[in-house]
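Read the structure below first, then the notes.
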Amino acid sequence: MSTPQPATFTVREGRDRYLCDNGFTLGGYLAPTVTVRVVGIPLTIPNTPDRRKAIPWHDLHHVAAGYGTDWVGEGEIGAWEMRTGCPTLFIFALNATAALFGCCLNPRRVLRAWVLAKGQRSLYRHPIPYEALLAMPLGDLRAHLGMPAAGQTG
């Protein structure tokens, strides 16, 4: 479980810290391929147009919720995104796969994420222009998504 970032941060500050803390870069949003580690083995996969469109929103969901990027954290955010609405079958399949792996490792945490998502909203279904999002306080983003002010894990 990750520690949620302060509600007083701007979304940009939260996103930038999230990227830095996890070894990600903004360049990864548009790269033609991405490398993920599966049981310690690097696997390079195409960064499809659907993924390129979804990943900035997905990362902001991580920032707002406070879920980590380990297998359980990805399972939590996957369950949360499935419950709040996925934009495409491809994104749904990625989230379902993550939720399944997360459930194998810590079913309680993934189920909790699913339960907490009831009545909440995703940026996929309730978008705000990206640049406007980056300027707003993180607490305002959480309110827009229907999350507690401290995030899901706070």
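In this text, residue positions in the sequence shown follow the numbering used here: the first is 112, and each later residue adds one.
Glycine included, C-beta positions come from ideal geometry on N, C-alpha and C.
Three-state secondary structure assigned by DSSP to residue i
i      : result
Thr121 : strand
Pro238 : coil
Gly138 : helix
Met193 : helix
Ala254 : helix
Ala281 : This structure cannot speak to residue 281, because the chain is shown only from 112 to 265.
Asn206 : helix
Pro218 : helix
Tyr178 : coil
Ala261 : coil
Arg232 : coil
DSSP beta-bridge partners of residue i
i      : result
Ile152 : Val149
Thr144 : Pro157
Pro248 : Thr121
Chain-order list of residues whose beta-carbon lies under 6 Å from that of residue i (same chain, five-residue window excluded)
i      : result
Met247 : Val122
Leu227 : Gln263
Ile166 : Tyr140
Leu244 : Val122
Ala118 : Leu249, Gly250 and Ala260
Nearest neighbour of residue i, chosen from the options [CA to CA]
i      : options                           : result
Arg162 : Asp127, Ala204, Gly151 and Tyr178 : Ala204
Phe212 : Thr136, Leu256, Val149 and Ala243 : Val149
Asn217 : Gly184, Ala243, Leu227 and Ala228 : Gly184
Trp182 : His172, Asn206, Ala175 and Thr159 : Asn206
Met269 : Thr195, Tyr241 and Ala210         : For residue 269 there is no data in the structure shown, the boundaries of the chain being 112 and 265.
Pro115 : Gln231, Thr146, Gly177 and Ala209 : Gly177
Contacting residues, own chain, Cβ-Cβ under 8 Å from residue i (five flanking each side not counted)
i      : result
Thr136 : Leu130
Thr144 : Thr155, Ile156, Pro157 and Asn158
Spatial neighbours of residue i in its chain, beta-carbon cut-off 7 Å, leaving aside the 5 residues before and after
i      : result
Asp170 : Arg126 and Tyr129
Cys214 : Gly186 and Val221
Trp168 : Leu234 and Tyr235
Residue-chain proximity (residue i, chain D), Cβ-Cβ < 7 Å
i      : result
Tyr178 : This model lacks chain D altogether, as it is built from one protein chain only.
Exercise. Spell out a yes or no on whether the segment 217-226 and the segment 183-198 are touching, meaning 3 or more CB-CB pairs, one atom from each, closer than 8 Å.
Key: The segment 217-226 is in contact with the segment 183-198.
Quiz item: Pairing CB atoms from the segment 234-242 with CB atoms from the segment 194-201, are three or more of them under 8 Å?
Solution: yes
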